[in-house]
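**Q** Just dropping this structure here.
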Amino acid sequence: MKKTILAALLAATSLSALASTYYVVVPVPARTATAGNILVTLNGFSLPAGIVGRAYAGFDFASVLQVLGDPQYSPGSVRWSVVGGALPAGLTLGADGKLLGTPTAASNSSFDVMASYKTKAGQQRYQVLVVAISIGLADATLPNGVQGANYSYDLKPLLTVSGDSRYTPSQVTWTLNGTLPQGLQLNSDGTITGVPTAGGTSSFSVTASYLGQTGSRAYQVIVGDITIRLGGATPPTGVAGQVYSGFDLKPILQVNGDAAYQPGSGTGVTWSLDSGTLPPGLNLKPTGIIDGTPTSSGAGPVSLKATYKAVSAVQSYTFPITDVLMQYSGYRAWTNGTYASSCNDYRYPAAGTPFQYQGATGDGVYRVNLGGTPVDVYCDMTFNGGGWTLLMKQAAGDGTTLQGDTTYWTTGMPLNDTAASLNMNNGNFVSRAFNLMTASQYALQAANESSRRIYTRSSSTPRVAFSDAQRISYTDDAGVPQVYPDWFIRTTTYPNSQAIMSSRFAVNFMEYPAGSSIGACGARWGWASNENPSGSNPGTHDSCGGLGAYGGQYGSTFMNSSKSAWQPATLYLWAK
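Numbering (mature numbering (1 follows the signal peptide of the UniProt record, and there is no 0)), first residue to last: -19 to -1, 1 to 557.
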């Protein structure tokens, strides 16, 4: 094979600071380079200057490195080090030969960089100039502020920055030491803006920071005081349904500290409710006059606010308005024509509302608002504190119409929900309130009993309270509270005259035979009695009665095949 002549590839040295130039050795066949043939050289270069606080532009010393005489030259094998002088504070020479970092102090640093490759090395002296910027804030007298008026002042014209030809105002950070007047703020762009809301003199200092350098200056803003006062007064009494005579706040407002305000004019004053509620039908106008037609009773108190140039005055007033219950055609409601959400809300109006349980009071038909739907219901306003809503009536001797597995229980479908059934007469009845109202207390009333049974649970609609999901299941006689029924159903024997051995009275329950998933006998609220606790199915209660009795054994031969056998009187279901 022919021998070739060894040629060194020379590279230009006019590339940018970060450009890399490598020297390639072309091998001569059958010749092997030795360490003694290697030459390592670092060329001189004018390095970029730096600025304190700004990332250095960087310099790659590999761009000025020459390595000759090694056909297998590997740039990654070059070792870099500073062997003389010192780098500028904040800069470092990396293992890859790059000078990087952020200068932290001004200097004119000279240093020697060495590049070592195998047994050879080359070094060169370099210099980096690092300069520091200067920053300052000039003194100034800031304009005074006026309460309620927009305030704006720009601090940037007071700022001077020298030593940085690339100065960018958006890179300045502004910080506040002390407190600005209430309502003002120092923004990130060096402006003070806002609306002063209180008088006084505020002294503070502002610091501008740029590339690690800061400049501070103390300033002051004065805001004049304004005071206002609403005088006490007794508004006229109103009557629900009649035009209110009116109440004007302007004559009782006093404004001090602003010569531009004309007493009694109300110019520039904003009127508002501070707390409480005006009686329904009355309104506070922008002119400071309260008028309208009250629609219900009430008194207050109501706190009214006058605001002038961000200064406010509050005064409490009472607006006595009378509103009670009224008998309308077929129902009772508030005299303002609105409806309470339940019988209990008529009986006990919420504290702070303008309603009173007076006028057409007592048991009877009331119109209630159930989720936006007006519904006429029958209310018991005397039993156990009153406020009870009649949900159901189960007719005496009828064990079929309202048995526990009908749609009246499962979907809340109303039955005979008309004016003719809104009373205490015998009959079958399901109110729309069963599916709409919210209740936590229930009462079961029997026409043949002087007392009622009470049941309390978490708040829900009655349909949910008596749903299958809330049903209690029993599978044996364990814990049965008594031997025979003694309320509503008063008997010691079954309809076929056999003696009753055990009974259970409960709310929304079902008895199951031992080992069976088919309900035998239960009730939404009533009794179940066992045929023979010592027989083949001791867990089966085969006779049941009460409100919503049902089950596989309901009306069986043991009840003489009559679902009405244990329904001796009218049952009434109440809720509140």
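Every residue, glycine too, gets a C-beta built ideally from N, C-alpha and C.
1) On a CA-only basis, which of Gly17, Ala36, Arg438, Ser44 is nearest Phe26? Give me that one, please.
2) I'd like the list of long-range same chain contacts for Gly318, defined as Cβ closer than 8 Å, with 5 residues on each side in sequence excluded.
3) Consult DSSP for Phe539 and reduce its assignment to one of helix, strand or coil.
4) Give the range of the alpha helix (DSSP H) segment to which residue 558 is assigned.
5) Measuring only the C-alpha atoms, how far is Ser58 from Ser88?
6) Roughly how many angstroms separate the alpha carbons of Ala509 and Gly219, rounded to a whole number?
7) Closer than 8 Å is the cut-off here; do at least three beta carbon pairs connect the stretch 521 to 534 with the stretch 325 to 343?
8) For the beta strand (DSSP E) that Val349 lies in, which residues bound it at each end?
9) Report yes if the C-beta distance between Gln166 and Gly180 is below 7 Å; otherwise report no.
10) What is the DSSP secondary structure of Ile481, reduced to helix, strand or coil?
11) Under 8 Å by Cβ, that's how I've got Gln128 and Ala291 pegged, so tell me the actual separation to the nearest angstrom.
12) Closer than 8 Å is the cut-off here; do at least three beta carbon pairs connect the stretch 102 to 120 with the stretch 17 to 32?
13) Mapping DSSP to helix, strand and coil, what is Val445?
14) So, are the CB atoms of Val109 and Gly144 less than 7 Å apart?
15) Per DSSP, Asp272 forms a beta bridge with which residues?
16) Could you tell me the boundaries of the alpha helix (DSSP H) in which Tyr298 lies?
17) List the endpoints of the continuous alpha helix (DSSP H) containing Leu417.
18) Could you tell me the distance, in whole angstroms, from the CA atom of Ser543 to the CA atom of Gln308?
19) State the Cα-Cα distance for the pair Val295 and Gln223, rounded to the nearest angstrom.
20) In angstroms, rounded to a whole number, what distance separates the CA positions of Asn125 and Ser184?
21) Comparing alpha-carbon positions, which option in Thr182, Trp252, Tyr553 lies nearest Leu123?
22) Measure how close the beta-carbons of Val283 and Gly249 come, nearest whole angstrom, since I'm counting them as under 8 Å.
23) List in chain order: all unbroken beta strand (DSSP E) runs of 3+ residues lying wholly within the stretch 105 to 136.
24) Within 10 Å of its beta-carbon, does Ala446 have 16 or more other beta-carbons around it, so buried, or fewer, so exposed?
25) Taking 8 Å as the cut-off, does the stretch 77 to 85 touch the stretch 26 to 37 (at least 3 CB pairs, one atom from each stretch)?
26) If you compare alpha carbons, which of Tyr225, Ser293, Pro261, Gly273 is closest to residue 601?
27) Would you please state the rounded distance, in angstroms, between the beta carbons of Ile499 and Gly533? I believe it to be under 8 Å.
28) Touching or not, the stretch 264 to 271 and the stretch 321 to 334, by the rule of three or more beta carbon pairs under 8 Å?
29) Alpha carbons only, please: which of Ala420, Ala427, Pro395, Ala424 is nearest the one belonging to Arg413?
30) With a 10 Å radius around its C-beta and 16 neighbouring C-beta atoms as the bar for buried, classify Ile173 as buried or exposed.
31) May I ask you to report which of helix, strand or coil DSSP gives Phe486?
32) Where does Ile233 sit, in a helix, a strand or coil, going by DSSP?
33) Looking at the secondary structure, which residues open and close the beta strand (DSSP E) in which Asp357 lies?
34) Please report the residue range of the alpha helix (DSSP H) in which Tyr289 lies.
35) Roughly how many angstroms separate the alpha carbons of Thr73 and Ala38, rounded to a whole number?
36) Going by alpha carbons, who is nearest to Ala400 out of Trp547, Tyr436, Tyr475, Leu371?
**A** The relevant details are as follows:
1) Here residue 26 refers to the residue found at position 45 of the sequence shown. Of the candidates Gly17, Ala36, Arg438, Ser44, the one whose C-alpha sits nearest the C-alpha of Phe26 is Ser44.
2) Taking the sequence shown and counting its residues from 1, the one referred to as residue 318 is at position 337. For Gly318, where only same-chain residues beyond five positions count, the Cβ hits under 8 Å are Thr276.
3) Sequence index remark: in the sequence shown, residue 539 carries index 558 (1-based). Three-state result, Phe539: helix.
4) Outside the modelled stretch of the chain, which goes from -19 to 557, sits residue 558, for which no answer is possible.
5) Walking along the sequence shown from the start, residue 58 turns up at place 77. Walking along the sequence shown from the start, residue 88 turns up at place 107. For Ser58 and Ser88, the distance between alpha carbons rounds to 32 Å.
6) The residue given as residue 509 occupies position 528 in the sequence shown. The residue given as residue 219 occupies position 238 in the sequence shown. In a straight line, the C-alpha of Ala509 is about 59 Å away from that of Gly219.
7) no
8) Here residue 349 refers to the residue found at position 368 when the sequence shown is read from its first residue. It spans 345 to 351 - the beta strand (DSSP E) in which Val349 sits, taken as one unbroken run.
9) Stepping through the sequence shown from its first residue, residue 166 is reached at position 185. Stepping through the sequence shown from its first residue, residue 180 is reached at position 199. Contact flag unset, no.
10) Along the sequence shown, one-based indexing puts residue 481 at 500. Ile481 falls in the coil class under three-state DSSP.
11) As a position in the sequence shown, residue 128 is number 147, starting the count at 1. As a position in the sequence shown, residue 291 is number 310, starting the count at 1. Correct: roughly 5 Å between the Cβ atoms.
12) yes
13) Walking along the sequence shown from the start, residue 445 turns up at place 464. Val445 falls in the helix class under three-state DSSP.
14) In the sequence shown, counting from the first residue as 1, residue 109 sits at position 128. In the sequence shown, counting from the first residue as 1, residue 144 sits at position 163. No.
15) Taking the first residue of the sequence shown as 1, we reach residue 272 at position 291. For Asp272, which the question treats as bridged, DSSP gives the partners Asn264.
16) Position 317 of the sequence shown, counted from the first residue, corresponds to residue 298. Looking at the DSSP string, Tyr298 is not in any alpha helix (DSSP H); the run it does join, the beta strand (DSSP E), is 292 to 298.
17) Reading the sequence shown from its first residue, position 436 is the one you call residue 417. Start and end: 414 to 417.
18) Here residue 543 refers to the residue found at position 562 when the sequence shown is read from its first residue. Here residue 308 refers to the residue found at position 327 when the sequence shown is read from its first residue. Taking the straight line from one Cα to the other gives about 44 Å.
19) Translated into positions along the sequence shown, residue 295 becomes position 314. Translated into positions along the sequence shown, residue 223 becomes position 242. One C-alpha to the other measures close to 28 Å.
20) Against the sequence shown, residue 125 aligns to sequence position 144. Against the sequence shown, residue 184 aligns to sequence position 203. One C-alpha to the other measures close to 12 Å.
21) Against the sequence shown, residue 123 aligns to sequence position 142. Nearest of Thr182, Trp252, Tyr553 to Leu123, Cα basis: Thr182.
22) For the purposes of this step, residue 283 is taken as residue 302 along the sequence shown, with counting starting at 1. For the purposes of this step, residue 249 is taken as residue 268 along the sequence shown, with counting starting at 1. So it is not a contact: roughly 23 Å between Cβ atoms.
23) 115 to 118, 132 to 135
24) The sequence position of residue 446 within the sequence shown is 465, counting from 1. Ala446 is buried by the Cβ-count criterion.
25) yes
26) With the chain represented from -19 up to 557, any question about residue 601 goes unanswered, as that position is not in the structure.
27) Indexing the sequence shown from 1 puts residue 499 at position 518. Indexing the sequence shown from 1 puts residue 533 at position 552. Indeed, because the Cβ distance is near 5 Å, the residues count as touching under 8 Å.
28) no
29) Counting from one through the sequence shown, the residue named residue 413 turns up at place 432. The option with the nearest alpha carbon to Arg413 is Pro395.
30) Walking along the sequence shown from the start, residue 173 turns up at place 192. Per the 10 Å Cβ criterion, buried.
31) Within the sequence shown, residue 486 is the residue found at index 505, counting from 1. Phe486: strand per DSSP, three-state reduction.
32) In the sequence shown, counting from the first residue as 1, residue 233 sits at position 252. Note: Ile233 maps to helix in three-state DSSP.
33) In the sequence shown, residue 357 corresponds to position 376, counting from 1. Segment 354 to 361, the beta strand (DSSP E) holding Asp357.
34) Position 308 of the sequence shown, counted from the first residue, corresponds to residue 289. First-last for Tyr289: 283 to 289, but that is the beta strand (DSSP E), not the alpha helix (DSSP H).
35) The residue labelled residue 73 in the question sits at position 92 within the sequence shown. The residue labelled residue 38 in the question sits at position 57 within the sequence shown. Cα-Cα distance, rounded: 13 Å.
36) For the purposes of this step, residue 400 is taken as the residue at position 419 of the sequence shown. The option with the nearest alpha carbon to Ala400 is Leu371.
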